[in-house]
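The structure appears right after this line, and notes come after that.
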Amino acid sequence: MSDIVKILQQNARISNTELGEILGVTADEAAAEIKKLEDEGVIKGYSVIVDDELYDNSTVYATIELKVTPQRDCGFDDIAKTIMMYDEVESVNLMSGAYDLAVEVKGNNLKDVALFVSERLSTIDGVLSTATHFILKKYKEKGIFIDREETDERGLC
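Residue numbers (our numbering): 44 to 200.
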């Protein structure tokens, strides 16, 4: 029932009854399938997508590119696991291309993020270099439009 996953990705608050109606199964069958997917680790959790402009516009997000030296017998895994443990870290991804790891972080201000990079990330054994890119505005996240401003009919912003 991969359709359940697609539906939950768009609306994790949908009721089992509504989900069952969409899929042509009972609410109990839909709930059992969700439980199975959770138990198997397919569904890792549920989250809320927030418009920080409306909720807390002081929050700062950044993507940090890391070049690292892979560790013997474990490659990039140990460094990634170390980085994942910091509260500021939202996500860690192994990348192809010019850098090895992409780390998404969240802070209270620019200085917090800068200190996190200089005092924590850059000091980890195996980290060769970092490049920090501050996110200025979010337009879309996880398929959800964040910026819903009406466009000027004349094509002006």
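The C-beta atom is built at its ideal place from N, Cα and C for all residues, glycine as well.
For Gly63, report the span of its alpha helix (DSSP H) as first-last. Start and end: 59 to 66.
Quick check on DSSP: helix, strand or coil for Thr175? strand
Per-residue burial, Ile122 [other beta carbons within 10 Å of its own, 16 or more giving buried]: buried
Going by DSSP, what residue range makes up the beta strand (DSSP E) through Val103? 103 to 111
Where does the unbroken beta strand (DSSP E) through Ala19 begin, and where does it stop? Coverage of the chain is limited to positions 44 through 200, which leaves residue 19 absent and any answer about it impossible.
May I have the straight-line CA-CA distance separating Thr125 from Val156, to the nearest angstrom? Take the alpha-carbon of Thr125 and the one of Val156: they are about 17 Å apart.
Put Glu147 into one of helix, strand or coil per three-state DSSP. strand
Going by DSSP, what residues sit across from Glu184 in a beta bridge? Ile187
6 Å CB neighbourhood of Asp94 in its chain, flanking five on each side removed: Ile189
Three or more C-beta pairs below 8 Å linking the stretch 164 to 171 and the stretch 107 to 123: yes
Extent of the continuous alpha helix (DSSP H) run through Val4: Residue 4 is absent from the structure shown; the chain starts at 44 and stops at 200.
Using the Cα positions of Ser58 and Ser161, report the straight-line distance between them to the nearest angstrom. 45 Å
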